[in-house]
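Reviewing the structure listed below.
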Amino acid sequence: AQSVTQLGSHVSVSEGALVLLRCNYSSSVPPYLFWYVQYPNQGLQLLLKYTSAATLVKGINGFEAEFKKSETSFHLTKPSAHMSDAAEYFCAVSVDTGNQFYFGTGTSLTVIP
Amino acid sequence: NAGVTQTPKFRVLKTGQSMTLLCAQDMNHEYMYWYRQDPGMGLRLIHYSVGEGTTAKGEVPDGYNVSRLKKQNFLLGLESAAPSQTSVYFCASSRELASLDEQYFGPGTRLTVT
Numbered sequence: 065a066q067s068v069t070q071l072g073s074h075v076s077v078s079e080g081a082l083v084l085l086r087c088n089y090s091s092s093v094p095p096y097l098f099w100y101v102q103y104p105n106q107g108l109q110l111l112l113k114y115t116s117a118a119t120l121v122k123g124i125n126g127f128e129a130e131f132k133k134s135e136t137s138f139h140l141t142k143p144s145a146h147m148s149d150a151a152e153y154f155c156a157v158s159v160d161t162g163n164q165f166y167f168g169t170g171t172s173l174t175v176i177p
Numbered sequence: 077n078a079g080v081t082q083t084p085k086f087r088v089l090k091t092g093q094s095m096t097l098l099c100a101q102d103m104n105h106e107y108m109y110w111y112r113q114d115p116g117m118g119l120r121l122i123h124y125s126v127g128e129g130t131t132a133k134g135e136v137p138d139g140y141n142v143s144r145l146k147k148q149n150f151l152l153g154l155e156s157a158a159p160s161q162t163s164v165y166f167c168a169s170s171r172e173l174a175s176l177d178e179q180y181f182g183p184g185t186r187l188t189v190t
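Heads up: the protein sequence lines correspond to chains A and B, in order. Sequential numbering from 65 applies to the first sequence in this note's numbering. Sequential numbering from 77 applies to the second sequence in this note's numbering.
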C-alpha cells in the first residue's frame, strides 16, 4: 500500500529564509507525486507535480521539489519565504494511472516577519 | 468561470438527520471527487466519479452515498448523520485522471453533527 509521511506538522521560518517542507512516500512502484497548498478558508491548489519526467520540478510562486528515488523523498523548497507563503501544505501520492490519491497529514507553514 | 462551487458552505445537523452536499463544476471535467478533511489526517477520498452516471468508492466511503446524474454535478449524501462525520468536505474535479492531472478544489463545506 502506498502512503505519504510529512515530517513536521508545523514549520516556522523567518521572512527571507529558506523554506523546506519534508515529504517521504512508500511505494513499491514509481509514484506520481504532488504538492498542494491550502490558504486559510480555501480549497487546495496545485503547487507542482512529478510524473516521471525531470526529477527537479518547478512550481508556482517560486517553489520547487526534487524527486529522490533512493531516499523515497519529495521535499518542497523555496529559497526565500514571503509572508504570503503562510498556508497549509500537503504532499500527495498516486502510484498508478488511477483516481485514488493519498494525501499526507499536512504541514502548516508560519512566516515570521 | 466559477470553477468548482459547493453548496452549502456551513451546516449543522443533529445525529440521524440526512442531508445532501452539492458540488458543481463549469470546466466540463470528466472526473469528480469528494474528500473529507480532518485535523491531523489530511484529506481522505470518500467517493469519486469518472464520468456522468458512474461512481466508485474511495478510501472512506462508509456512511456516504453519491450520485452523478449530470456531468457538471456531483452530490454527496449522508442518510443518517453521525458525530464522526463532523468534518470539512471538499469537492474536486479534474480533466484527466487524478494521478496525471491537476485537481481543482471547491472552497469546502464545514459540517457539524451534534
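Glycine residues also receive a C-beta, built at the ideal position from the N, C-alpha and C atoms. Source: prediction; values computed, not measured.
- In this structure the stretch 109 to 116 of chain B touches the stretch 159 to 169 of chain B; the number of beta carbon pairs closer than 8 Å is three or more.
- Here the alpha carbon of P84/B sits roughly 23 Å from the alpha carbon of G127/B.
- As a beta-bridge residue in DSSP terms, S169/B pairs with M108/B, Y180/B.
- Across the structure, K113/A and F138/A are spaced so that their CA atoms are roughly 10 Å apart.
- From the listed residues T162/B, C99/B, S160/B, A158/B, the smallest Cα separation to R144/B is found for C99/B.
- Close partners of M103/B in chain A (Cβ separation under 7 Å) are lacking, with about 14 Å as the shortest Cβ gap.
- Closer than 7 Å to the CB of P183/B there is at least one CB belonging to chain A.
- Only buried fits M108/B, as 16 or more other CB atoms lie within 10 angstroms of its CB.
- With respect to the 7 Å criterion, F165/A and A174/B are classified as neighbours on the basis of their beta carbons.
- Along the stretch 88 to 101 of chain B, none of the residues has a CB nearer than 8 Å to a CB of chain A.
- With fewer than 16 other CB atoms across the displayed protein chains lying within 10 angstroms of its CB, G129/B is exposed.
- Secondary structure note for K85/B: it is in no beta strand (DSSP E), with a DSSP letter that is neither H nor E.
- Between the beta-carbon of L187/B and that of R120/B there is about 15 Å, and that puts the pair past the 8 Å contact cut.
- Between Y89/A and the set Q70/A, G80/A, V101/A, the nearest pair of CA atoms involves Q70/A.
- Against chain B, the CB of T169/A has a partner CB under 7 Å away; the residue lies at that interface.
- A distance of 7 Å or more separates the beta carbons of T185/B and Q93/B.
- Two segments are said to touch when three or more pairs of C-beta atoms, one from each, lie closer than 8 Å; by this definition the stretch 74 to 84 of chain A touches the stretch 129 to 149 of chain A.
- When A151/A, P95/A, Q102/A are compared, the shortest CA-CA separation from T174/A is found for A151/A.
- For L119/B, the nearest CB of chain A lies under 7 Å from its own CB, placing it at the interface with that chain.
- Closer than 7 Å at the C-beta level to chain A, one finds these residues of the stretch 154 to 168 of chain B: F166.
- Each of V121/A, S116/A, N105/A, Q106/A was checked against the Cα of W99/A, and the nearest Cα belongs to V121/A.
- By the CB criterion at 7 Å, T96/B and L176/B fall outside the cutoff.
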